[in-house]
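Chains as they are written, first to last, in this note's numbering: chain Z, 3 to 33; chain G, 2 to 418.
Data first, discussion second: the structure below is written as structure tokens.
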């Protein structure tokens, strides 16, 4: 498989809606 | 021209890619939901980083990352169970190959027991089972920064019995059949790099925040623990299994969580449970599942943009083996037919900078020691649902030093990986 790793996830707001079956991304999530 | 440079390139200071020496905590308020601070294990915001003598080098981090990826690839290729035996364990439990710990780069602190004891655990969306080292460390505990959890000092610790449904649930969460010591259920989890934890399966009060308290949280109380866990107290599993923290807190949070991983040289991030406080600027892509590999969070990568141009990559390249998102893998891995055009386009747009020798698995590196700022092409990932996610500059480059700054991607060895 391809793997989207943690360097590429840095500073993104990553949202797991497991029950809703969707994954969200937003930029500049840490600041 | 100037417009192209602004729209399609990051202009960054080289120093921002190198480890910082001072912690600058985030000013963002995440206090609305159940929010935990996330720090980089080797960064200045982590109390674990004080053990500098034992800190992994960049090469070690990348080597361990390759070990983790190899074990994930192995699990997903439906290979037969590796009948490894934990020979040194009191309870000998056959174990499948799990995900390697890798470098376990991010840490969260949770509270366990009554009274509550704070424990810093590796943060991992690629595994399911939560465990911590426990006194009396009957066989072996590695050195950790926090005091080791002692269930005998807690009013709320309970052992789980062998004939319980919870004990039976261990098999899928740990990829190993549970054992039994007198009447107490014994877990064993072995990771792809041979790290492992064996101990008693227990329940305890879990405290995320003062108002987010979960009695009877099921976890591993480790009595024999060895491997690449650094100075952490154990691991917190955020996968999909029924024993993961996501599933065990579902009644309150509805299997909804979010995080922001801080860049290595900046400050802190967060891990939040529940929908409260979620940003409105989110772009959503389908979160996929695979019945044969139910722990992992599968995603649909559809393309990659470099410097504003979508690379010419057939959709079948990404579909052949699929993709997952994993907080414990450091470097993004791509099928060869996606990595090669990415590397070619990146090198073409970085041709004004002198190249340097490869850094472990990273084959596109630059000597930027003579520059204070550089312009690098922006990279975006395209996901199913027509979602474009631009990566931060820190998500594009990985620096060993100013003289060895590398494209932070690697190719799989085969299209079917």
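All C-beta atoms, glycine included, are put in the ideal place defined by N, C-alpha and C.
Treat the numbers as computed from the prediction; the structure is a model and nothing was measured.
Margin query: If contact is defined by three or more beta carbon pairs under 8 Å, each pair taking one atom from either stretch, is the region 381-390 of chain G in contact with the region 340-353 of chain G?
Written below: Touching, no.
Item checked: Nearest-angstrom Cα separation, counted from residue 32 of chain Z out to residue 26 of chain G -> Residue 26 of chain G and residue 32 of chain Z: Cα-Cα distance of roughly 10 Å.
Notebook entry, point to check: Which residues mark the beginning and the end of the beta strand (DSSP E) in which residue 205 of chain G is found?
Noted result: Here the beta strand (DSSP E) through residue 205 of chain G covers 197-210.
Next item on the list: Please list the partners that residue 168 of chain G has in chain Z, where partner means a Cβ-to-Cβ separation under 8 Å.
Entry: Within chain Z, no residue has its CB atom less than 8 Å from the CB of residue 168 of chain G, the nearest being about 25 Å off.
Next item on the list: Return the residue from the list G:260, G:242, G:336 that minimises the CA-CA distance to residue 295 of chain G.
Entry: Measuring from the Cα of residue 295 of chain G, the nearest candidate turns out to be G:242.
Checklist line | Contact with chain Z by residue 327 of chain G, beta-carbon distance below 8 Å | finding: With 8 Å as the cut-off, residue 327 of chain G counts as an interface residue toward chain Z.
Notebook entry, point to check: Between G:271, G:140, G:378, G:324, which lies nearest to residue 28 of chain G when the distance is taken from Cα to Cα?
Noted result: G:271 is the residue among G:271, G:140, G:378, G:324 whose C-alpha sits nearest the C-alpha of residue 28 of chain G.
Next item on the list: Say whether chain Z places a C-beta atom closer than 8 Å to the C-beta of residue 73 of chain G.
Entry: Using a Cβ-Cβ cut-off of 8 Å, residue 73 of chain G counts as an interface residue toward chain Z, since at least one Cβ of chain Z sits closer than that to its own.
Notebook entry, point to check: Do three or more CB pairs link the region 353-360 of chain G to the region 13-26 of chain Z at distances below 8 Å?
Noted result: The region 353-360 of chain G vs the region 13-26 of chain Z: no contact.
Check: Any chance the region 311-325 of chain G sits against the region 135-154 of chain G, with 3 or more Cβ pairs inside 8 Å?
Finding: Contact between the region 311-325 of chain G and the region 135-154 of chain G is absent, because fewer than three Cβ pairs lie under 8 Å.
Note to self: Less than 8 Å between CB atoms is the rule here; does residue 261 of chain G satisfy it with respect to chain Z?
What the structure shows: Yes, contact with chain Z.
Item checked: Cβ neighbours of residue 403 of chain G in the same chain (closer than 7 Å, five flanking residues each side left out) -> Around residue 403 of chain G: 15, 19, 369, 370.
Item checked: As assigned by DSSP and simplified to three states, the class of residue 234 of chain G -> Residue state, collapsed to three classes: coil.
Notebook entry, point to check: Is residue 69 of chain G helix, strand or coil when you go by DSSP?
Noted result: Helix.
Next item on the list: Assign residue 153 of chain G to one of three DSSP states: helix, strand, or coil.
Entry: The answer is helix: DSSP assigns residue 153 of chain G an H, G or I state.
Next item on the list: Thinking residue 45 of chain G and residue 23 of chain G are a contact (beta carbons under 8 Å), I'd like their distance in whole angstroms, please.
Entry: Confirmed, about 6 Å.
Note to self: Give me the subset of the region 228-261 of chain G whose CB atoms are less than 9 Å from a CB atom of chain Z, sorted by chain position.
What the structure shows: Flagged, chain order: 239, 241, 247, 248, 251, 255, 256, 257, 258, 259, 260, 261.
Item checked: DSSP-derived helix/strand/coil call for residue 85 of chain G -> Because residue 85 of chain G sits at a pLDDT of 35, beneath the cut-off of 50, its placement in the model cannot be relied upon, and the following sentence gives the value as read from the coordinates. Looking at residue 85 of chain G - three-state DSSP - the assignment turns out to be strand.
Check: Three-state secondary structure (DSSP) at residue 48 of chain G?
Finding: Helix at residue 48 of chain G.
Next item on the list: At 9 Å on the CB atoms, spell out the chain Z contacts of residue 77 of chain G, in chain order.
Entry: Those within 9 Å of residue 77 of chain G in chain Z are 3.
Checklist line | Buried or exposed (CB count within 10 angstroms, at least 16 for buried), residue 48 of chain G | finding: Residue 48 of chain G should be labelled exposed.
Checklist line | Backbone secondary structure at residue 8 of chain G - three-state DSSP | finding: Correct three-state label for residue 8 of chain G: helix.
Notebook entry, point to check: If you measure from the beta carbon of residue 396 of chain G to each beta carbon in chain Z, is any gap under 8 Å?
Noted result: For residue 396 of chain G, the nearest CB of chain Z lies under 8 Å from its own CB, placing it at the interface with that chain.
Notebook entry, point to check: Any idea what DSSP makes of residue 224 of chain G, helix, strand or coil?
Noted result: Note: residue 224 of chain G maps to strand in three-state DSSP.
Next item on the list: Go through its chain and collect everything with a Cβ distance to residue 1 of chain G's Cβ below 7 Å, but skip five positions before and after it.
Entry: Here chain G has residues from 2 to 418 only, and residue 1 of chain G is not among them.
Next item on the list: Could you check what DSSP says for residue 389 of chain G in three-state terms: helix, strand or coil?
Entry: In the three-state scheme derived from DSSP, where H, G and I count as helix and E and B as strand, residue 389 of chain G is classed as strand.
Next item on the list: For residue 119 of chain G, collect the residues of the same chain with a Cβ closer than 7 Å to its Cβ; drop the 5 residues on either side in sequence, then sort them by chain order.
Entry: Result list for residue 119 of chain G: 110, 112, 147, in chain order.
Checklist line | Alpha carbon of residue 169 of chain G to alpha carbon of residue 130 of chain G, nearest angstrom | finding: Between residue 169 of chain G and residue 130 of chain G, the C-alpha separation is close to 14 Å.
Margin query: Could you compute how far the alpha carbon of residue 3 of chain G sits from the alpha carbon of residue 247 of chain G?
Written below: Using only the alpha carbons, I get a separation of about 47 Å.
Next item on the list: Measure from the C-beta of residue 377 of chain G to each C-beta in chain Z and report whether the shortest distance is under 8 Å.
Entry: Cβ-Cβ to chain Z under 8 Å: no for residue 377 of chain G.
Margin query: Looking at chain Z, is there any beta carbon in it that lies within less than 8 Å of the beta carbon of residue 40 of chain G?
Written below: Contacts with chain Z at 8 Å (Cβ-Cβ) do not include residue 40 of chain G.
Next item on the list: Note the first and the last residue of the continuous beta strand (DSSP E) segment covering residue 187 of chain G.
Entry: Its beta strand (DSSP E) spans residues 185-191.
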